[in-house]
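Protein chains in written order, with the numbering used here: chain A, 1 to 112; chain B, 113 to 227.
Okay, structure first, notes after.
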Amino acid sequence: SQQGEEDPQALSIQEGENATMNCSYKTSINNLQWYRQNSGRGLVHLILIRSNEREKHSGRLRVTLDTSKKSSSLLITASRAADTASYFCATDEGNNFNKFYFGSGTKLNVKP
Amino acid sequence: GAVVSQHPSRVICKSGTSVKIECRSLDFQATTMFWYRQFPKQSLMLMATSNEGSKATYEQGVEKDKFLINHASLTLSTLTVTSAHPEDSSFYICSARGTGAREAFFGQGTRLTVV
Numbered sequence: 001s002q003q004g005e006e007d008p009q010a011l012s013i014q015e016g017e018n019a020t021m022n023c024s025y026k027t028s029i030n031n032l033q034w035y036r037q038n039s040g041r042g043l044v045h046l047i048l049i050r051s052n053e054r055e056k057h058s059g060r061l062r063v064t065l066d067t068s069k070k071s072s073s074l075l076i077t078a079s080r081a082a083d084t085a086s087y088f089c090a091t092d093e094g095n096n097f098n099k100f101y102f103g104s105g106t107k108l109n110v111k112p
Numbered sequence: 113g114a115v116v117s118q119h120p121s122r123v124i125c126k127s128g129t130s131v132k133i134e135c136r137s138l139d140f141q142a143t144t145m146f147w148y149r150q151f152p153k154q155s156l157m158l159m160a161t162s163n164e165g166s167k168a169t170y171e172q173g174v175e176k177d178k179f180l181i182n183h184a185s186l187t188l189s190t191l192t193v194t195s196a197h198p199e200d201s202s203f204y205i206c207s208a209r210g211t212g213a214r215e216a217f218f219g220q221g222t223r224l225t226v227v
């Protein structure tokens with residue numbers, strides 16, 4: 001990928017379980033965002049965390065950011081079959097608000 | 113959230129022809145638009161960034177004469193794949209961001225197949 005890596009590459013869990021995905025990036029950033037993509041479709045914005053924030057919540061989503069390790073995690077609690085999708089983190093470079101780069105993505109499969 | 117419309121959603125064209133993909137922001141002014149390419153089961157690769165009224169900035173390795181980008185208005189950007197070849201077959205996605213905004217909104221993508 002142009003910016004970083006996500007792990008795991010694929011994750012399969014049962015409905016009701018929590019899913020944790022990690023993202024690492026290379027350069028300093030202003031913001032980190034998580035997006036969701038259903039197969040063959042465009043992306044949907046989930047949550048944004050600024051570089052001076054450490055944790056953020058939105059519904060069943062919890063995002064953490066560790067700028068010292070250049071990493072972030074996305075936790076989806078009480079997963080549902082409808083959460084099945086690919087999840088990507090995206091960052092904009094620290095000295096350039098103008099570009100978004102995406103991680104390699106995690107493919108999540110939630111089994112009913 | 114804001115709406116970005118991308119058209120067409122699917123297109124099949126013959127080798128050697130050109131294809132134009134449109135990206136429109138429907139309810140906001142998109143000062144910056146991004147064009148990405150996505151291969152099957154892979155991440156999005158940024159191809160170019162365009163600001164309204166100025167030339168697009170292409171990422172390293174992206175042929176600017178091959179992928180023509182025009183961002184003539186605050187609501188429309190177009191990507192033209194010129195002299196398409198089968199290796200240009202891919203999923204192309206645009207995104208748009210308004211002035212001062214931190215998040216970008218994505219179109220639904222265009223699946224291009226060159227035969």
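Even for Gly, the Cβ is constructed at its ideal location relative to N, Cα and C.
No experiment lies behind these values; they were computed from the predicted model shown.
Residues within the stretch 39–58 of chain A neighbouring chain B, beta-carbon criterion of under 9 Å = Flagged, chain order: 40, 41, 42, 43, 44, 45, 48 and 50.
Could you give the uninterrupted runs of the beta strand (DSSP E) lying entirely in the stretch 6–57 of chain A, keeping only those of 3 residues or more?
-> Listed in chain order, the complete beta strand (DSSP E) runs (minimum 3 residues) inside the stretch 6–57 of chain A are 10–14, 19–24, 29–37 and 43–50.
Start-to-end residues for the beta strand (DSSP E) that takes in residue 85 (chain A) = Position 85 of the first sequence, counted from the first residue, corresponds to residue 85 (chain A). For residue 85 (chain A), the enclosing beta strand (DSSP E) begins and ends at 85–93.
Do residue 138 (chain B) and residue 121 (chain B) have their C-beta atoms within less than 8 Å of each other?
-> Residue 138 (chain B) sits at position 26 when you count from the first residue of the second sequence. Residue 121 (chain B) sits at position 9 when you count from the first residue of the second sequence. No; because the gap between Cβ atoms is not below 8 Å, this pair is not in contact.
Burial state of residue 31 (chain A) (16 or more Cβ within 10 Å) | Position 31 of the first sequence holds residue 31 (chain A). Around the beta carbon of residue 31 (chain A), a 10 Å sphere encloses 16 or more other beta carbons of the protein chains shown; the residue is thus reported as buried.
Unbroken stretches of the beta strand (DSSP E), 3 residues or longer, contained in the stretch 128–187 of chain B = Assignment of beta strand (DSSP E) within the stretch 128–187 of chain B, counting only whole runs of 3 or more residues, yields 131–137, 142–150, 156–163 and 179–185 in chain order.
Cut-off 6 Å between Cβ atoms - residues of its own chain near residue 50 (chain A), not counting five sequence neighbours on either side = Locating residue 50 (chain A) in the first sequence gives position 50, counting from the first residue. Within the same chain, 31 come within 6 Å of residue 50 (chain A) by CB-CB distance, once the 5 residues on both sides are set aside.
Below 8 Å, can you find three or more Cβ-Cβ pairs linking the stretch 130–146 of chain B to the stretch 170–179 of chain B?
-> In this structure the stretch 130–146 of chain B does not touch the stretch 170–179 of chain B; the number of beta carbon pairs closer than 8 Å is below three.
At 7 Å on the CB atoms, spell out the chain B contacts of residue 105 (chain A), in chain order.
-> Counted from its first residue, the first sequence places residue 105 (chain A) at position 105. Going along chain B in sequence order, the residues near residue 105 (chain A) (Cβ under 7 Å) are 155.
Proximity test, residue 19 (chain A) beta-carbon vs the ligand SAH heavy atom, cut-off 7 Å = The ligand SAH is not part of the structure shown, which contains no ligands of any sort.
Considering residue 200 (chain B), what are the terminal residues of the beta strand (DSSP E) in which it resides?
-> Indexing the second sequence from 1 puts residue 200 (chain B) at position 88. Where residue 200 (chain B) is concerned, there is no enclosing beta strand (DSSP E), because DSSP gives it neither an H nor an E.
Classification of residue 76 (chain A) by the beta-carbon crowding that lies within 10 angstroms, buried from 16 upward | Along the first sequence, read from residue 1 onward, the residue named residue 76 (chain A) stands at position 76. Result: buried.
Alpha carbon of residue 37 (chain A) to alpha carbon of residue 87 (chain A), nearest angstrom | In the first sequence, counting from the first residue as 1, residue 37 (chain A) sits at position 37. In the first sequence, counting from the first residue as 1, residue 87 (chain A) sits at position 87. When rounded, the distance between both Cα atoms is 6 Å.
Could you spell out where the beta strand (DSSP E) holding residue 80 (chain A) opens and where it closes?
-> Numbered from 1 along the first sequence, position 80 holds the residue referred to as residue 80 (chain A). Bounds of any beta strand (DSSP E) do not take in residue 80 (chain A), whose DSSP letter is neither H nor E.
Note down, in chain order, every chain A residue with its Cβ under 7 Å from the Cβ of residue 215 (chain B).
-> Here the question's residue 215 (chain B) lines up with position 103 in the second sequence. Going along chain A in sequence order, the residues near residue 215 (chain B) (Cβ under 7 Å) are 33, 45 and 48.
List the DSSP bridge partners of residue 211 (chain B).
-> By 1-based counting over the second sequence, the position of residue 211 (chain B) is 99. Residue pairing for residue 211 (chain B): DSSP places it in no beta bridge.
At which residues does the beta strand (DSSP E) containing residue 121 (chain B) begin and terminate?
-> Here residue 121 (chain B) corresponds to residue number 9 of the second sequence, with the count starting at 1. Judged by DSSP secondary structure, residue 121 (chain B) falls outside any beta strand (DSSP E); it is assigned neither H nor E.
Partner residues on chain B for residue 186 (chain A), Cβ-Cβ distance less than 7 Å = Here chain A covers residues 1 to 112 and nothing more, so residue 186 (chain A) does not appear.
Under a Cβ-count criterion, where at least 16 other Cβ atoms within 10 Å of its own Cβ denotes burial, should residue 193 (chain B) be classed as buried or exposed?
-> Numbered from its first residue, the second sequence carries residue 193 (chain B) at position 81. Buried, since its Cβ has 16 or more Cβ neighbours within 10 Å.
With a cut-off of 8 Å, does the C-beta of residue 141 (chain B) fall near any C-beta of chain A?
-> The residue given as residue 141 (chain B) occupies position 29 in the second sequence. Not one chain A Cβ lies under 8 Å of residue 141 (chain B).
Could you list which residues in chain A have their beta carbon closer than 8 Å to that of residue 219 (chain B), in chain order?
-> Residue numbering aside, residue 219 (chain B) sits at position 107 when the second sequence is read from its first letter. Taking a Cβ-Cβ threshold of 8 Å, the residues of chain A close to residue 219 (chain B) are 42, in chain order.
Smallest Cα separation from residue 21 (chain A): which of A:67, A:13 and A:99?
-> One-based indexing of the first sequence puts residue 21 (chain A) at position 21. Distances from the CA of residue 21 (chain A) to each of A:67, A:13 and A:99 were compared; the closest alpha carbon is that of A:13.
Residue 115 (chain B), DSSP secondary structure in three states = Locating residue 115 (chain B) in the second sequence gives position 3, where the first residue counts as 1. In the structure shown, residue 115 (chain B) sits in coil (DSSP, three-state: anything other than H, G, I, E or B).
Spatial distance of residue 119 (chain A) from residue 135 (chain B) (CA atoms) = Here chain A covers residues 1 to 112 and nothing more, so residue 119 (chain A) does not appear.
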